[in-house]
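Okay, so here's the structure we're looking at.
Numbering (my numbering), first residue to last: 217 to 427.
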């Protein structure tokens, strides 16, 4: 009945009014999100709900570092760039010495609080299969952009995730190396981070690096 009523109303309209109504309907339909956009919005909502429950995440720290995203790779403004060679040297000396060949899978590494990917890219260049997580979406987007712009096949393999460490399922993720570098001083619950990280280490020789 409603459809029939609307049809009668449209018939009674003048041609000018019909064109105007058609434009309004087209604009309205164009403004509606596509199915893909709806799925992305739903996924972002689910992630936001999940991340907000992580006890370790400090919203104040996330906001502070998000504001630094555009300068993250500027050596004049980020001391982590100068520190990175020393960190990588130590990791190379003490990481599991599994040989990577075509017949064996790559060693896996988790970079917790990855920022815009300074350590993540260095690990990838050592042929680690890197998963990098950070609760700041701005930093994750910056990291993705930097890795993709480097034209390096190894850094392009990094899996960046907008996530807190408590959100990773140990049944799904197990790593040879877990790095938590210059992160603990910025979280609200250090035991929560360390406990979650320990569950993500491979039981047969996984190593955790913390500073």
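Cβ atoms here follow ideal geometry from the backbone N, Cα and C, with glycine treated the same way.
Nearest-angstrom Cβ-Cβ length linking residue i and residue j, presumed shorter than 8 Å
i	j	result
residue 325	residue 393	4 Å
residue 273	residue 351	5 Å
residue 359	residue 332	5 Å
residue 416	residue 389	5 Å
residue 214	residue 300	The requested residue 214 is not part of the displayed model; the chain covers only 217 to 427.
residue 303	residue 397	6 Å
Status (buried if at least 16 other CB within 10 Å, exposed otherwise) for residue i
i	result
residue 413	buried
residue 385	exposed
residue 298	exposed
residue 336	buried
residue 382	buried
residue 252	exposed
residue 306	exposed
residue 285	buried
residue 363	buried
Range covered by the beta strand (DSSP E) that runs through residue i
i	result
residue 426	423-426
residue 328	324-328
Host alpha helix (DSSP H) of residue i (start-end)
i	result
residue 283	Note, residue 283: premise wrong, no alpha helix (DSSP H); not H, not E.
residue 301	296-310
Which runs of the beta strand (DSSP E) spanning at least 3 residues fall entirely within the stretch 335-416, listed in chain order? 345-350, 375-378, 393-396
Contact the stretch 366-386 vs the stretch 331-340: 3+ CB pairs below 8 Å: Segments in contact, yes.
Three or more beta-carbon pairs under 8 Å between the stretch 344-359 and the stretch 275-282, yes or no? yes
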